[in-house]
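Novice: Protein sequence lines correspond, in order, to chains A and B. One point on numbering: in the working numbering, the residue at position 282 of the first sequence is 292, and numbering is uninterrupted. One point on numbering: in the working numbering, the residue at position 415 of the second sequence is 425, and numbering is uninterrupted. The beta carbon of each residue, even a glycine, is placed where N, CA and C say it ideally should be.
2 protein chains.
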Amino acid sequence: MTHIDQYLKDNADRFEEQLCDFLRIPSISADPAHKPDMLQAAQWVESQLRHMDLTTEIIPTAGHPLVYAESPEVPGAPTVLVYGHYDVQPVEPLELWITPPFEPARRDGNLVARGATDDKGQVLTHILGAQSVLAADGRLPVRLKYLIEGEEEVGSASLETFLATNAARVACDCVVISDGCKFSREIPAINYGLRGIAYFEIRVQGPNRDLHSGSFGGSVTNPATTLARILAAIVDRRGKVLIPGFYDDVLPLSERERRQFAALPFDEAQYFADIGVTGATGEEGYTTLERRWARPTFDVCGIWGGYQGEGAKTVLPAKAGAKFSFRLVPNQSPAKIAAALKQWLPDVTPPGVTVELIEFHGAPGVIVPLDSPYVEAAARAVEHAFGRSPVYSREGGSIPIVTTFYETLKADVLLLGWGQDDDNTHSPNEKFSLVDFHRGIKASARLLQELGQIHKG
Amino acid sequence: MTHIDQYLKDNADRFEEQLCDFLRIPSISADPAHKPDMLQAAQWVESQLRHMDLTTEIIPTAGHPLVYAESPEVPGAPTVLVYGHYDVQPVEPLELWITPPFEPARRDGNLVARGATDDKGQVLTHILGAQSVLAADGRLPVRLKYLIEGEEEVGSASLETFLATNAARVACDCVVISDGCKFSREIPAINYGLRGIAYFEIRVQGPNRDLHSGSFGGSVTNPATTLARILAAIVDRRGKVLIPGFYDDVLPLSERERRQFAALPFDEAQYFADIGVTGATGEEGYTTLERRWARPTFDVCGIWGGYQGEGAKTVLPAKAGAKFSFRLVPNQSPAKIAAALKQWLPDVTPPGVTVELIEFHGAPGVIVPLDSPYVEAAARAVEHAFGRSPVYSREGGSIPIVTTFYETLKADVLLLGWGQDDDNTHSPNEKFSLVDFHRGIKASARLLQELGQIHKG
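#1: Starting from Glu293/A, find everything on chain B with Cβ-Cβ shorter than 9 Å and list it in chain order.
#2: Mind pulling the chain A residues with CB within less than 7 Å of Gln318/B?
#3: Determine the DSSP secondary structure at Tyr96/B, reduced to helix, strand or coil.
#4: For a test of the three-state rule: what should DSSP assign to Gly139/A, helix, strand or coil?
#5: If you measure between the beta carbons of Arg456/A and Gly331/A, is that distance less than 8 Å?
#6: Report the residue ranges of all alpha helix (DSSP H) runs contained in full by the segment 279 to 320 of chain B; include only those spanning at least 4 residues, in chain order.
#7: Can you pull the chain B neighbours of Ala40/A, defined as C-beta to C-beta under 9 Å?
#8: When you compare the CB positions of Gly206/B and Ala373/B, do they come within less than 8 Å of one another, or not?
#9: If you check the beta carbons only, do Cys311/A and Thr236/B fall under 8 Å apart?
#10: Is there contact between the segment 95 to 104 of chain A and the segment 154 to 165 of chain A, where contact requires at least three CB pairs shorter than 8 Å?
#11: Nearest-angstrom Cα distance between Arg219/B and Lys192/A?
#12: Can you give me the Cβ contacts of Asn201/B inside the same chain, cut-off strictly under 6 Å, excluding the 5 residues immediately before and after it?
#13: Cα separation between Gln141/A and Leu444/A?
#14: Under a CB-based cut-off of 8 Å, is Gln99/A close to chain B?
#15: So, does the segment 336 to 355 of chain B touch the segment 122 to 131 of chain A, judging by three or more C-beta pairs under 8 Å?
#16: Which value, in whole angstroms, describes the spacing of the CA atoms of Asp183/B and Glu386/B?
#17: Measuring alpha carbon to alpha carbon, tell me which of Leu461/A, Gly462/A, His448/A ends up nearest Gln28/A.
#18: If you follow the alpha helix (DSSP H) that Tyr257/B is in, where does it begin and where does it stop?
#19: Can you pull the chain A residues whose beta carbon is under 7 Å from the beta carbon of Trp218/B, in chain order?
#20: Pro360/A and Arg247/B - do their beta-carbons sit closer together than 8 Å?
#21: What is the residue span of the beta strand (DSSP E) that Thr65/B lies within?
#22: Among Phe226/B, Arg24/B, Ala453/B, His465/B, whose alpha-carbon lies nearest the alpha-carbon of Thr135/B?
#23: If you follow the beta strand (DSSP E) that Ile200/A is part of, which residue opens it and which one closes it?
#24: Check each residue of the segment 239 to 256 of chain A: if its Cβ is closer than 9 Å to any Cβ of chain B, include it; give the result in chain order.
#25: Applying the criterion that 16 or more other CB atoms from any shown protein chain within 10 Å of the CB defines a buried residue, is Ser229/B buried or exposed?
#26: Residues in the same chain with beta-carbon distance under 6 Å from Gln58/B, minus the five sequence neighbours each way, listed in chain order, please.
#27: Could you round the C-beta distance between Phe271/A and Glu300/A to whole angstroms and report it? I think they count as a contact, below 8 Å.
#28: Rounded to the nearest angstrom, how far is the Cβ of Pro111/A from that of Val101/A, given a contact under 8 Å?
#29: Against Ser166/B, what residues of chain A qualify as contacts under a CB-to-CB distance less than 9 Å, listed in chain order?
#30: State yes or no: is the C-beta of Ala242/A within less than 8 Å of the C-beta of Ala208/B?
#31: By the 10 Å Cβ neighbour count, where 16 or more other Cβ atoms means buried, how is Gln16/B classified, buried or exposed?
#32: For Tyr93/A, tell me which candidate among Leu150/A, Glu170/A, Leu274/A has the shortest Cα-Cα distance.
#33: Along chain A, in chain order, which residues have C-beta atoms closer than 7 Å to that of Thr307/B?
#34: I'd like to confirm the pairing. Which residues does DSSP put opposite Leu154/B in its beta bridges?
#35: What residues from chain A crowd round Arg205/B, counting only those whose CB sits closer than 7 Å?
#36: Under the DSSP definition of a beta bridge, which residues are partnered with Gly372/B?
Right, dumping it as structure tokens:
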């Protein structure tokens, strides 16, 4: 057994306890009531890095603080930036959690808690991996930089601002990010593409107060009905987006990619069985994987208006609203999509209501080149830890900040997800496989060693 | 001066004192603490009717007692049922009352007290009217029945139960109800139509949990988007309902009705200004009054699903739901509408979701033919008392107990409101114009005389 394997084995229990400590901090970035928890989570991350003798800093921002850390330069070796986030999604609906979201519980080989896989468990593998290399080899083989933010779930605005003026400080040769999934339970993956996002809230205001639906109904434009009509007009029944110009800039899938996707051992029946549906609608002419990874989409994320309680209240609501997102593919611009949407809205806004559109964070999609030495190093490290070579896949979700890294730092981005599709990210009972947690630490350690072999002139 | 006019004049002060006595009883049906007051109010009503030599009964119920009274049959003349209620709304916020709610005060020609117009003052006109006819003519020209309940403000449950098994006992040719408003301060109205209602909740269930809209979006049928599509498919952009067969049984507006509606001094600009909108959508080819009173409609009353909190949560919700109502017009059957909706739903339900429809209460619309001799008698009585002929109006809302009378008794229902829009029913400083109180008594007396002229074979 190598020094590092011995170290990983000896410290496995401690690693899990550290993750539990991290998960107990309810760092919900979307909720202002959790502001103190956000600072506590940042301090927790900073203390882990400080104990590795890195130069650390908690950087205040207009929102939640950034944690930044760096090790000394290693002559001739690359500089590697680890990115992750310490913030988590809200926990509602709370009643569906089997155990409380911030009391980590071990069940069926998993650790169950909000943030277990997204992203506390995954980002921690890259802290513990470096710790392990340091302990086993006595030195880091590359210069390491850590940039761990607290606003990933709410749009990364402060990190974007920071990067706009600190590109030189965080300059690197590659960025390592683990904030996603393997291809399947046993097949690791290197993700080379992410979808982008354009997220909006729409508010429809009608009369100045809730009205009696009997006395007024039929003579007044109903805001809730109008909202439904607007949302329904955005897509056809197969999910094809109808906003004029929406597909103009879409980068089409290459034949090679389509063949690669088709060759992946994707069990579609199992996929649908796992989420409990017996069928699906989706854009015509595309496979399920293509729809998830490489085609733009529209989804209503939340909708509200009028009476939601028990029984029958005959009210014509004064207002209604919804949150929705477009997932974008590489080459689509969130700003252009937002502009197209704004231009189109008046066409579907009837007299008697006003419609307000609120723009949330947007990010374009990303494609990472597959032929760089960093990708090859990552493939070797993943194979070492997970026992088989990774497949190359894309991801339907968005990590908006990846685009910024890719564009601002001109660095290759290694998207190495250790999670699983059914980890319930953003849902009740989020979990992370403990086996994968330890494999992730091992892969991270090996990755640093592999990257140390790359000679920088 | 006729006998009856003389009688009305001579007894005007006593009438007002009797109303004050009635108003001093704090008969708040919603508040269990007022249970003894409820019985006292019922006894007060019963004693008024007993002094007119009617057979009277206080009928206990699971809730508050009913007061029932009837006079002997008048051969060849119709039977007339007077309905009203002795219960009143709660009085909070008490601090906004200028004088205490159960100490009737005369101000600006009004009597101010809780229940003044809703419904003590109005129901009393039909007791004092009959007293006056009896005193002046020595006999009642029709058989009179009174059914005065104590639960109108809390849902009329006991009366519904009573009517289900006592239809024969309260059988009549027409029902007289004064529990509403004139068309305007100086224009009396006969309300000859109510809309019905069919109320539903719809629940759309998709995947077995909330999903990440990035990882899954595009490959899964979104329940919230589906809900929007279903609701949007129910109506066109002008509010015309698209469910097949929905309009099959609709009783069209007659040319006479449309001319009458058009002739009403309805200030549409003021109507829209009051509710704070600058325009409206509505069924093509119909005026605002026609849309409110005489056309069936669809309204979303409540809608929910997914994330409704602050910020942007990128979730594909597991489920979504809505409550909605159809307002029906006479001759439409709530059961047929429900059946048509159920039959249509599968056509708009895509693969990947299940749709559940929950049926709430339904009630058909009510319409009294304008050429009914009872309506004509009422028109003459109202003109006699108010100095101008009434307008014929309809109401967009539903009054469930009126529907029950209409359906159970197969009798024409005369809705003769003596109140005004600004009488503060259900609000502090409820009032009833004393002039209208006396006009109401006069109209009620004349109505009995007019109805006495109708020959029943």
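Specialist: In short, the structure shows the following:
#1: By 1-based counting over the first sequence, the position of residue 293/A is 283. The answer, in chain order, is Gly228.
#2: The count along the second sequence starts at 1 and reaches residue 318/B at position 308. Here the neighbours are Gly312, Trp314.
#3: Position 86 of the second sequence, counted from the start, is the residue given in the question as residue 96/B. The answer is coil: DSSP assigns Tyr96/B none of H, G, I, E or B.
#4: Stepping through the first sequence from its first residue, residue 139/A is reached at position 129. If DSSP states are grouped into helix, strand and coil, Gly139/A belongs with the helices.
#5: Locating residue 456/A in the first sequence gives position 446, where the first residue counts as 1. Locating residue 331/A in the first sequence gives position 321, where the first residue counts as 1. Against a cut-off of 8 Å, the Cβ pair of Gly331/A and Arg456/A comes out as no contact.
#6: 298 to 303
#7: As a first step, residue 40/A must be located in the first sequence, where it is residue number 30. Here the neighbours are Gly319, Glu320, Gly321, Ala322, Lys323.
#8: On the second sequence, position 196 is the one that residue 206/B refers to. On the second sequence, position 363 is the one that residue 373/B refers to. Their beta carbons are under 8 Å apart, which means Gly206/B touches Ala373/B by this criterion.
#9: Here residue 311/A corresponds to residue number 301 of the first sequence, with the count starting at 1. Here residue 236/B corresponds to residue number 226 of the second sequence, with the count starting at 1. Not in contact: Cys311/A and Thr236/B (Cβ atoms no closer than 8 Å).
#10: yes
#11: By 1-based counting over the second sequence, the position of residue 219/B is 209. By 1-based counting over the first sequence, the position of residue 192/A is 182. Cα-Cα distance, rounded: 20 Å.
#12: As a position in the second sequence, residue 201/B is number 191, starting the count at 1. Excluding positions up to five away in sequence, the list reads Ser403, Glu405, Leu425.
#13: Residue mapping note: residue 141/A aligns to position 131 of the first sequence, counting from 1. Residue mapping note: residue 444/A aligns to position 434 of the first sequence, counting from 1. Cα to Cα, the separation comes out at about 18 Å.
#14: What you label residue 99/A is simply residue 89 of the first sequence in a count that begins at 1. Yes, its Cβ sits closer than 8 Å to a Cβ of chain B.
#15: no
#16: Within the second sequence, numbered from 1, the residue matching residue 183/B stands at position 173. Within the second sequence, numbered from 1, the residue matching residue 386/B stands at position 376. Near 14 Å, if we compare the C-alpha coordinates of Glu386/B and Asp183/B.
#17: By one-based count along the first sequence, residue 28/A stands at place 18. The residue with the shortest Cα to Cα distance from Gln28/A is His448/A.
#18: Counting from 1 along the second sequence, the entry for residue 257/B is found at position 247. Looking at the DSSP string, Tyr257/B is not in any alpha helix (DSSP H), and its letter there is neither H nor E.
#19: As a working note, residue 218/B is residue 208 in the second sequence. Position check: residue 218/B holds Asn in this sequence, whereas Trp was assumed. Ordered by position in chain A, the residues that pass the 7 Å Cβ test against Asn218/B are Ile285, Gly286.
#20: Here residue 247/B is taken as the residue at index 237 of the second sequence, counted from 1. Here residue 360/A is taken as the residue at index 350 of the first sequence, counted from 1. In this structure, Pro360/A lies closer than 8 Å to Arg247/B by Cβ.
#21: Residue 65/B sits at position 55 when you count from the first residue of the second sequence. First-last of the beta strand (DSSP E) with Thr65/B: 65 to 69.
#22: Here residue 135/B corresponds to residue number 125 of the second sequence, with the count starting at 1. Closest by alpha carbon: Ala453/B.
#23: As a working mapping, residue 200/A is identified with position 190 in the first sequence. Per DSSP, Ile200/A belongs to the beta strand (DSSP E) from 199 to 204.
#24: Arg239, Ile240, Leu241, Ala242, Ala243, Ile244, Val245, Arg247, Arg248, Gly249
#25: Along the second sequence, one-based indexing puts residue 229/B at 219. Buried, because 16 or more other Cβ atoms sit within 10 Å of the Cβ of Ser229/B.
#26: In the second sequence, residue 58/B corresponds to position 48, counting from 1. Closer than 6 Å at the Cβ level, and outside the excluded window around Gln58/B, lie Ile137.
#27: To locate residue 271/A, count along the first sequence from 1; it is residue 261. To locate residue 300/A, count along the first sequence from 1; it is residue 290. The Cβ separation is near 6 Å, so the contact holds.
#28: Residue numbering aside, residue 111/A sits at position 101 when the first sequence is read from its first letter. Residue numbering aside, residue 101/A sits at position 91 when the first sequence is read from its first letter. That belief holds up - the Cβ atoms of Pro111/A and Val101/A are roughly 4 Å apart, short of 8 Å.
#29: Locating residue 166/B in the second sequence gives position 156, counting from the first residue. None at all; the shortest Cβ gap to chain A is about 16 Å.
#30: Within the first sequence, residue 242/A is the residue found at index 232, counting from 1. Within the second sequence, residue 208/B is the residue found at index 198, counting from 1. Contact flag unset, no.
#31: The residue labelled residue 16/B in the question sits at position 6 within the second sequence. By the 10 Å Cβ count, Gln16/B comes out exposed.
#32: Sequence index remark: in the first sequence, residue 93/A carries index 83 (1-based). With distances taken between Cα atoms, Tyr93/A lies closest to Glu170/A.
#33: Within the second sequence, the letter at position 297 stands for residue 307/B. Gly227, Gly228, listed in chain order.
#34: One-based indexing of the second sequence puts residue 154/B at position 144. Note: Leu154/B sits in a beta bridge opposite Val90/B.
#35: Walking along the second sequence from the start, residue 205/B turns up at place 195. Those are Gly224, listed as they occur along chain A.
#36: The sequence position of residue 372/B within the second sequence is 362, counting from 1. For Gly372/B, which the question treats as bridged, DSSP gives the partners Ala208/B.
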